[in-house]
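Asker: Have a look at this one before I ask anything.
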Amino acid sequence: MQETQNSKSVRKIIHIDMDAFYASVEQRDFPEYRGKPLAVGGSPTGRGVVATASYEARKFGVRSAMPSRQAIQLCPQIIFVHPRFEVYKNVSRSIREIFSRYTDLIEPLSLDEAYLDVTEDKMGIGSAMEIAKRIKQSIRDELHLTASAGVSINKFVAKIASDINKPNGLTFIGPSKIEAFMDQLPVEKFHGVGKVTADKMKGMQLFNGGDLKKLTEDELVSHFGKTGHFFYRIVRGIDDREVQTHRETKSLGAEDTFTYDLTTPEEMNKELDRIGVIVAGRLEKNQLKGRTVTLKVKFSDFTQITRNHSFAHPVGDLDTITETAKQLLEKLDLQEKPVRLLGISLSNFHEPEIKSRKYKDPEQLELFPFGS
Ligand SMILES: [Mg+2]
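Now the structure itself:
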């Protein structure tokens, strides 16, 4: 195993995350929505899912990716508004411009979230906390929105930190505090830990970072696969991933493990409708389209299969995604084998024609996230 040269390479990383982004933009632009429980996406008829809920709606338990039906049950007075993605993209560009006053090392994760490496900042400020403070202030003064920031020496801890005092938070976790912080961090918060892995960990009496630290690297890998290497390092506060200015998304999707096994095509299609909405929303949020739609099916015996279909042109719209997934499902001969998980993902975002800059299809221009 390699030792990291920590003395030489202590970095200053900021993770910025806008607070209830879509909902906050709507409340900013339409005063009648202020102070009210609001859902962007979804509908009062109960169709579709919530993309973002305002903080007033979150008090009732409404969350992103929740079906509208459930949101209405939790909060009958909730107001649904249509997303205005063009507006959100413009605001996102302005936010990015504010970041670029301090550094060019910016890694956007979506329209409302980014990592910044300010180890060397353009203004010579030197303090990452001071930079985060100024960025938050500029977002507030110029865009009338709030953001939360996490500051640390690596991406993982900075991202967790930005979530601690939301909304309008600013949290610093310094090198001397990282290990203690990781020790108490619940396993669900770890990158790569979904519900299934979290349940498995709890079954092994592993509840937090401190528990994971008791396992050797080999043990972690044998129980959790390749991610075990990451767990081993991160519980010791080590995360060397760089802030990548040209982040290439290879695939993007969503999947769901069901509380009971599905056996009928009707049930499965209904779930694919729901997952499709989440995937289409994520594509929109990341301004991506892909040529390949992949369906993932996991059975109750934990065996798993994937099937995919590739189009000549990138696709990203809800109907194409869900219809393709349903057709792939139909072609499988399931013979009522119980299904415990379904997933849809899109991939093949970048095509060779784009690299050679021969644009035949104007739609392909949209493949470049964030333009500049
Ligand atoms: Mg956010």
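Residue numbers (the UniProt record's numbering): 1 to 372.
Idealized CB from N, CA, C, for every residue including glycine.
(1) Tell me whether Ala180 sits in a helix, a strand or coil according to DSSP, three-state version.
(2) Between which two residues does the beta strand (DSSP E) harbouring Asn168 extend?
(3) According to the Cβ coordinates, are Ile79 and Leu38 closer than 7 angstroms?
(4) Where does Phe311 sit, in a helix, a strand or coil, going by DSSP?
(5) What residue does the beta strand (DSSP E) around Val10 start on, and which one ends it?
(6) By alpha-carbon positions, which one of Asn348, Phe302, Leu328, Asp333 ends up nearest to Pro314?
(7) Would you mind giving the Cβ-Cβ distance between Ser64 and Ala53, rounded to the nearest angstrom? I have them listed as a contact below 8 angstroms.
(8) Return yes when at least one heavy atom of ligand 1 lies under 6 angstroms from the C-beta of Met66, else no.
(9) According to the neighbour-count rule (16 or more other Cβ atoms, all chains shown, within 10 Å of its Cβ), is Lys226 buried or exposed?
(10) Give every residue whose Cβ lies closer than 6 angstroms to any heavy atom of ligand 1, listed in chain order.
(11) Please state the DSSP three-state secondary structure of Arg34.
(12) Bridge partners of Val87, per DSSP?
(13) Within 10 Å of its beta-carbon, does Phe30 have 16 or more other beta-carbons around it, so buried, or fewer, so exposed?
(14) Which parts of the segment 69-120 are runs of the beta strand (DSSP E), unbroken and 3 residues or longer, counting only runs that do not cross its ends?
(15) Just how far apart, CA to CA, sit Thr45 and Ala71?
(16) Within 10 angstroms of its Cβ, does Met268 collect 16 or more other Cβ (buried), or is it exposed?
(17) Under 7 angstroms, do residue 373 and Val339 count as touching if we go by C-beta distance?
(18) Relative to the C-alpha of Arg236, which residue among Val196, Ile305, Ser300, Asn154 is closest?
(19) With three or more C-beta pairs closer than 8 angstroms as the rule, is the segment 304-312 touching the segment 328-342?
(20) Please classify Gly194 as buried or exposed, where buried requires at least 16 neighbouring CB atoms within 10 angstroms.
(21) Going by DSSP, name the residue or residues bridged to Met18.
(22) Where Gln287 and His229 are concerned, what is the direct C-alpha to C-alpha distance, given to the nearest angstrom?
Answerer: To lay it out plainly:
(1) On the sequence shown, residue 180 is found 180 positions in, with the first residue counted as 1. In the three-state DSSP reduction, Ala180 falls in the helix class (H, G or I).
(2) The residue given as residue 168 occupies position 168 in the sequence shown. First-last for Asn168: undefined, no H or E at that position.
(3) Working through the sequence shown from its first residue, we reach residue 79 at position 79. Working through the sequence shown from its first residue, we reach residue 38 at position 38. Yes.
(4) Position 311 of the sequence shown, counted from the first residue, corresponds to residue 311. Strand at Phe311.
(5) Sequence index remark: in the sequence shown, residue 10 carries index 10 (1-based). Looking at the DSSP string, Val10 is not in any beta strand (DSSP E), and its letter there is neither H nor E.
(6) Against the sequence shown, residue 314 aligns to sequence position 314. Ranking the options by Cα distance to Pro314, first place goes to Asn348.
(7) The residue given as residue 64 occupies position 64 in the sequence shown. The residue given as residue 53 occupies position 53 in the sequence shown. The distance from the Cβ of Ser64 to that of Ala53 is about 7 angstroms, consistent with a contact at the 8 angstroms cut-off.
(8) Translated into the one-based positions of the sequence shown, residue 66 becomes position 66. False, no ligand heavy atom lies under 6 angstroms from that Cβ.
(9) Working through the sequence shown from its first residue, we reach residue 226 at position 226. Under this definition Lys226 is an exposed residue.
(10) Asp17, Met18, Phe21, Asp112, Glu113
(11) Translated into positions along the sequence shown, residue 34 becomes position 34. Coil at Arg34, not helix or strand.
(12) Counting from 1 along the sequence shown, the entry for residue 87 is found at position 87. Partner(s): none; Val87 has no beta bridge.
(13) Here the question's residue 30 lines up with position 30 in the sequence shown. Counting Cβ neighbours within 10 Å, Phe30 comes out exposed, since fewer than 16 surround it.
(14) DSSP runs (the beta strand (DSSP E)) wholly in the segment 69-120: 79-81, 106-110, 113-117.
(15) Against the sequence shown, residue 45 aligns to sequence position 45. Against the sequence shown, residue 71 aligns to sequence position 71. Those two C-alpha atoms are separated by around 11 angstroms.
(16) Taking the first residue of the sequence shown as position 1, residue 268 is located at position 268. Buried, by the Cβ-count rule.
(17) The structure shown does not extend to residue 373, since the chain spans only 1 to 372, so no value can be given for it.
(18) Translated into positions along the sequence shown, residue 236 becomes position 236. Of Val196, Ile305, Ser300, Asn154, the residue nearest in Cα terms is Asn154.
(19) yes
(20) For the purposes of this step, residue 194 is identified with residue 194 of the sequence shown, where counting begins at 1. Its Cβ having fewer than 16 others within 10 Å, Gly194 is exposed.
(21) Along the sequence shown, read from residue 1 onward, the residue named residue 18 stands at position 18. In the DSSP output, where bridge partners are listed per residue, Met18 has Ala147.
(22) Looking up residue 287 in the sequence shown gives position 287. Looking up residue 229 in the sequence shown gives position 229. Between Gln287 and His229, the C-alpha separation is close to 31 angstroms.
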